[in-house]
Amino acid sequence: MSSAVELWTIGHSNHGPERFVELLQQHSIEAVADVRSQPYSRFSPHFRQTALRQLLAEAGLGYVFLGRELGGRPPEPMLYDDAGNVLYDLLAQTQRFVGGLRRLLDRAEKQRVTMMCSEEDPAHCHRRLLVTRALLAEQTPPTVMHIRSDGRLVPESELQRCDTNSEQQLTLFGDDGGE
Numbered sequence: 030m031s032s033a034v035e036l037w038t039i040g041h042s043n044h045g046p047e048r049f050v051e052l053l054q055q056h057s058i059e060a061v062a063d064v065r066s067q068p069y070s071r072f073s074p075h076f077r078q079t080a081l082r083q084l085l086a087e088a089g090l091g092y093v094f095l096g097r098e099l100g101g102r103p104p105e106p107m108l109y110d111d112a113g114n115v116l117y118d119l120l121a122q123t124q125r126f127v128g129g130l131r132r133l134l135d136r137a138e139k140q141r142v143t144m145m146c147s148e149e150d151p152a153h154c155h156r157r158l159l160v161t162r163a164l165l166a167e168q169t170p171p172t173v174m175h176i177r178s179d180g181r182l183v184p185e186s187e188l189q190r191c192d193t194n195s196e197q198q199l200t201l202f203g204d205d206g207g208e
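FYI, the numbering for the sequence shown is 30 to 208, going by the working numbering.
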């Protein structure tokens, strides 16, 4: 893989179909990699897999479903803790997940690809907390940019600085009440 690989992420949120396509076109995205475990939306039927695939095709954009490989809700019970939280570190080590990363990176070498999930804010979504972190651990990590609902791009490096600042702030003030 070359160091010039770039990837984008986007959350479909509650966007209308036209706005979603507009965001993709604004950033010259050529294909959407759907990383939702269940490609379904109760509140936005245009983000159900069949409708989304058609919407993207009509806009001249590609679609690939990678939710089985890169989704945040794996079927294996051993990939969850006792409270029902996904153990991302274990999930990222599965052959299925590693294969999904390879498919995503291979596609990104040929096209401008965005990973799509439902959550608008990447700071709270598995496409960043799981998939992007695994990508950044690659020998030659891609550049990752997050498309926000207002159309601006947020580099992953900026979110990492925010993570670091939050950790430093917690350390600075502690959790002992401060007195």
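No residue lacks a Cβ here, since even glycine has one placed at the ideal position from N, Cα and C. All figures in this text were calculated on a predicted structure; none of them were measured in a lab.
| Query | Result |
| --- | --- |
| Backbone CA spacing between Ala152 and Arg141 [nearest angstrom] | 22 Å |
| Counterpart residues of His175 in DSSP-defined beta bridges | Thr38, Val183 |
| Cα-Cα separation, Ala166 to Pro103 | 21 Å |
| From Val50, Gly101, Leu120, Gly128, residue whose alpha carbon lies closest to that of Gly91 | Val50 |
| For Asp179 and Val127, the rounded distance between their alpha carbons | 32 Å |
| Residue from Leu36, Ile176, Ile58 whose Cα sits closest to the Cα of Ala86 | Ile58 |
| C-beta contact flag for Arg65 and Cys154 at 7 Å | no |
| Thr169, buried or exposed, once every other Cβ within 10 Å from all chains shown has been counted against 16 | exposed |
| Distance between Val160 and Arg190 (C-alpha atoms, nearest Å) | 18 Å |
| Tyr92, enclosing beta strand (DSSP E) - first and last residue | 91-94 |
| CB of Glu98 within 7 Å of CB of Arg125, strictly | yes |
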